[in-house]
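Shown next, in structure tokens, is the structure this report addresses.
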Amino acid sequence: MRLSLRFVLPLMLVLAGIAWAVAPLVDRLTLSWFVRDLDARSSLLASAMQEPLQEQLAAGKKAKIMEFFNRITRDERLFAIGYCAAPTGTALATRSLPAEIRCAELERWERPRNHLLPSDQGPLHVSVQPMVSEAAPAGRLVLVQDMSFVTRRSEETKQYLFYLFMGLAAVVSLITVIIAQLSWRGWIAGMRALLHGEGLLRQPGSGAAPNLPGFKPIARDLQRLIRELESDARARDEDQITWTPESLRAILRGELRGEDVIVVSNREPYVHQRRGDRIEVQRPASGLVTALEPIMRACSGTWIAHGSGSADRDVVDKHDRVAVPPEKPAYRIRRVWLSAEEEAGYYYGFANEGLWPLCHIAHVRPTFRSGDWTQYVAVNRKFAKAVASEAKTKNPIVLVQDYHFALLPNMIHEELPNATVITFWHIPWPNPESFAICPWRDEVLAGLLGSSILGFHTQFHCNNFVDTVDRFLEARVDRESFTVSFGGKLTAVRRYPISIAWPPEAEMVQKSVPDCRSSVRRLSDLPPEHKLGVGVDRLDYTKGIVERFRAIERLLELNPEWVGRFTFVQVAAPTRAGIEEYQHHEAQVRAMATRINGRFARRGPPPIVLKVEHHEPRDVYEYFRAADVCFVSSLHDGMNLVAKEFVAARDDERGVLILSQFTGAARELPEAVIVNPYDADQCAAALHLALTMPADEQRDRMRLMRGLVAEFNVFRWAGRMLLDAASMRRRDRLIVKTGRGET
């Protein structure tokens with residue numbers, strides 16, 4: 000106890016002194032952060048105020064301008080507003096504008112690091128924003144913001160800092176005293192052993208390590224404590240990261256030491272198609288491409304994919320590579336060529352007539368053929384060879400995508416034993432009873448367990464996979480850590496909900512919402528104020544397009560006032576046209592749209608406009624921004640990124656999302672109107688609710704959903720996988736070093 004007091008008290012005094020010494024630095028840093036934030040806030044306010052202010056200036060209504068300024072300054076942090084039409088004039092301003100701010104001296108406040116004005120209430124932030132208009136071409140807007148809250152937060156920070164250092168002193172002192180006590184006991188035990196003629200140290204020439212069983216419980220406790228601390232720190236770090244392409248690059252440089260990243264998928268992000276004498280570049284309508292393309296731009300890696308475009312061979316180099324995007328290359332595609340027989344068996348056969356319906360509860364029977372399986376194995380092997388040839392190091396990070404490559408992880412492990420393979424399964428994983436249908440279930444599971452990390456959208460799918468492995472393989476399943484040990488290899492099974500890039504690319508939202516509304520209605524020959532719904536899907540039977548049309552028909556039956564006043568535009572990208580089930584589905588969709596239009600189109604525009612054609616992402620966003628309602632009615636979906644893209648497109652905070660309960664997105668976006676797509680009456684009621692929803696409720700729902708999509712974006716999805724991969728690689732290196740040290 001005396002030793003503890005002698006050590007703790009001086010240490011606490013020293014750390015207290017350090018805390019007060021550091022406090023001024025914290026004040027300066029805090030002030031600079033807030034000044035930068037307020038500069039950005041001033042720019043946003045000026046942009047928002049420009050249009051209404053220009054209108055009032057043009058009309059010469061000073062009273063209206065003052066009323067406008069006073070209404071805006073009700074914000075507790077906005078202290079005053081002024082407008083100077085010319086340097087020699089008098090400011091048109093609220094009464095609270097400080098006397099020190101004059102139109103003739105505005106240049107003083109425009110200088111860097113000179114935006115602060117002292118006052119009795121606390122410091123004020125002064126920002127001068129150019130406000131060019133026809134009425135006053137040289138006008139400038141002065142925004143004065145109250146910074147008294149900075150002082151309050153600075154005092155709180157000092158208190159937290161002081162308590163932090165005091166707590167740190169106590170913890171350090173406690174650990175030091177414990178170590179001293181243990182060392183003292185160890186020294187006494189050693190002396191006693193020596194007195195009894197026992198050697199504590201390793202004898203010369205002996206490989207045996209000293210046996211100190213008394214320290215094993217302490218070591219176990221310390222190891223558990225370290226793991227918990229690392230987990231807590233990791234969680235805090237992830238919450239504090241702003242997930243952007245730059246943060247991804249930082250992870251690659253810091254956590255992964257700049258190691259190359261390879262993505263493998265069947266679908267390529269850019270397809271080169273020949274149109275007469277010219278070559279067009281298309282971006283496929285695919286959730287996988289939507290999610291991964293921003294990641295590859297950030298990581299500058301290699302994307303290996305099947306070259307399916309009619310002009311794909313014409314644009315690659317001698318190594319079958321092409322740099323993309325065409326307008327500003329950031330990464331490269333390595334194309335793998337497949338014969339018609341290989342594509343028929345691997346893609347159309349085993350992948351899309353077998354695994355796809357097996358994993359989706361859409362009431363389509365899976366078809367398995369031995370010939371398809373043979374081609375599936377051969378194509379997976381071909382892609383494994385491509386990964387090995389594209390790897391710049393012996394231990395690359397390989398991101399394997401989706402059900403087309405269930406065997407690939409284990410094949411990569413055979414080619415590159417030190418590679419870190421992250422496999423993401425984009426579609427649902429069925430329960431063990433359903434998966435038992437697959438004749439090659441054991442081979443598929445063994446192939447996936449070649450992954451270092453295996454990811455799914457939801458925890459439910461993770462549970463199903465682990466249950467399936469436990470049922471059919473001789474593997475050790477740890478349900479506490481969600482790891483599977485099979486064939487001497489450990490696979491972590493994790494939940495990674497996929498998302499989209501945030502913010503959307505500028506070109507996607509550069510066209511205003513009113514312009515989008517008018518152009519889409521004009522394109523579809525609809526009146527300007529006509530209510531518009533939109534659905535954007537591949538023409539796939541899992542997307543519930545037939546069920547969606549039934550709901551529209553039921554809406555018009557139950558609420559005939561919408562006949563001639565509401566039209567639903569269904570954008571449907573053709574897909575897998577070589578499969579009979581998809582041909583039948585397309586015919587059914589076309590026939591149903593024709594029947595419903597024939598029934599209700601006699602009183603104005605048709606209820607359904609069906610567009611079965613490829614649309615570029617910018618065109619899709621235009622439909623999203625023009626619509627009053629977006630209806631996602633998937634019968635079974637891993638996530639569904641269309642829902643998140645609609646939310647991202649609505650920067651006007653308007654529009655209603657109707658979302659199937661059978662999508663992964665429904666677990667993340669509860670503010671959407673959640674429906675059972677099989678219940679036509681419920682879906683019709685949801686459509687009526689959406690079409691009559693007040694603007695303020697639309698805004699409240701959309702704000703919550705946009706906040707979630709912004710925070711949990713695609714860069715967070717990829718970053719979490721890469722961070723887990725980095726942690727796994729560090730642990731493996733430590734195991735290797737420890738193993739070598741013991742031998």
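Position 547 of the sequence shown, counting from 1, maps to 546 under numbering that gives the first Met the number 0, and the rest follow consecutively. For glycine and all other residues, C-beta sits at the position ideal for the given N, C-alpha and C.
Between residue i and residue j, which are expected to be in contact by the criterion C-beta below 8 Å, what is the C-beta distance as a whole number of angstroms?
i	j	result
residue 335	residue 404	The pair is not a contact, with the Cβ atoms about 11 Å apart (cut-off 8 Å).
residue 421	residue 724	6 Å
residue 566	residue 513	Rounded, the Cβ-Cβ distance is 18 Å, inconsistent with contact.
residue 263	residue 400	6 Å
residue 706	residue 246	The pair is not a contact, with the Cβ atoms about 18 Å apart (cut-off 8 Å).
residue 266	residue 283	6 Å
residue 352	residue 578	6 Å
residue 361	residue 634	5 Å
residue 679	residue 550	5 Å
residue 448	residue 488	7 Å
residue 359	residue 310	Actually they do not touch by this definition, with Cβ atoms about 33 Å apart.
residue 323	residue 269	5 Å
Which residues bound the beta strand (DSSP E) around residue i?
i	result
residue 536	530-537
residue 582	Careful: residue 582 lies outside any beta strand (DSSP E), inside the alpha helix (DSSP H) at 579-599.
residue 656	655-659
residue 631	628-631
residue 129	123-129
residue 636	Where residue 636 is concerned, there is no enclosing beta strand (DSSP E), given that its DSSP letter is neither H nor E.
residue 315	Looking at the DSSP string, residue 315 is not in any beta strand (DSSP E), and its letter there is neither H nor E.
residue 320	320-323
Which residues does DSSP list as the beta-bridge partners of residue i?
i	result
residue 454	423 and 493
residue 485	488
residue 277	274
residue 334	304
residue 565	530
residue 83	139
residue 145	123
residue 297	BP columns for residue 297 are empty, so no partner.
residue 477	482
residue 721	Residue 721 pairs with nothing; no bridge assigned.
residue 263	303 and 399
residue 570	535 and 610
Enumerate in chain order the residues of its own chain whose CB-to-CB distance from residue i is below 7 Å, with the five nearest sequence positions on each side excluded.
i	result
residue 463	428, 429 and 430
residue 673	658, 660 and 665
residue 364	356
residue 530	564, 565, 627 and 690
residue 44	142
residue 574	537, 538, 539 and 581
residue 591	545 and 548
In the DSSP assignment, the alpha helix (DSSP H) including residue i goes from what residue to what residue?
i	result
residue 446	440-447
residue 138	Residue 138 -> no alpha helix (DSSP H), and no H or E assigned at all.
residue 695	694-710
residue 71	61-71
residue 666	That residue, residue 666, is in no alpha helix (DSSP H); it is neither H nor E in DSSP.
residue 674	Premise fails: residue 674 lies in the beta strand (DSSP E), 672-674, not in any alpha helix (DSSP H).
residue 684	679-690
residue 625	616-625
residue 247	244-253
residue 544	544-557
residue 609	Where residue 609 is concerned, there is no enclosing alpha helix (DSSP H), although the beta strand (DSSP E) it sits in stretches over 607-611.
residue 520	512-522
Under 7 Å between C-beta atoms, does residue i make it to chain C?
i	result
residue 715	Of the chains in the structure shown, none is chain C; there is only one protein chain.
Give me, in chain order, the residues of the same chain whose beta-carbon lies closer than 8 Å to that of residue i; leave out the 5 immediate sequence neighbours on both sides.
i	result
residue 648	503, 507, 508, 620, 623 and 624
residue 681	674 and 675
residue 196	Since pLDDT at residue 196 reaches only 44, below the 50 mark, its modelled position is unreliable, and the value read off the structure follows with that caveat. Contacts found: none.
residue 465	476, 478, 481, 483 and 492
residue 350	265, 375, 402 and 403
residue 437	353, 354, 357, 365, 367 and 443
If you drop the 5 nearest sequence neighbours on each side, which residues of the same chain put their C-beta closer than 6 Å to that of residue i?
i	result
residue 394	417 and 418
residue 603	563
residue 636	662
residue 733	none
residue 108	125 and 127
residue 610	570
residue 614	570
Taking 6 Å as the cut-off, is the C-beta of residue i nearer than that to any heavy atom in the ligand MN?
i	result
residue 499	No copy of the ligand MN appears in this structure; indeed no ligand is present at all.
Item to check | Ranges of the alpha helix (DSSP H) found wholly within the stretch 354-430, counting only runs of at least 4 | outcome: 355-358, 369-389 and 407-414
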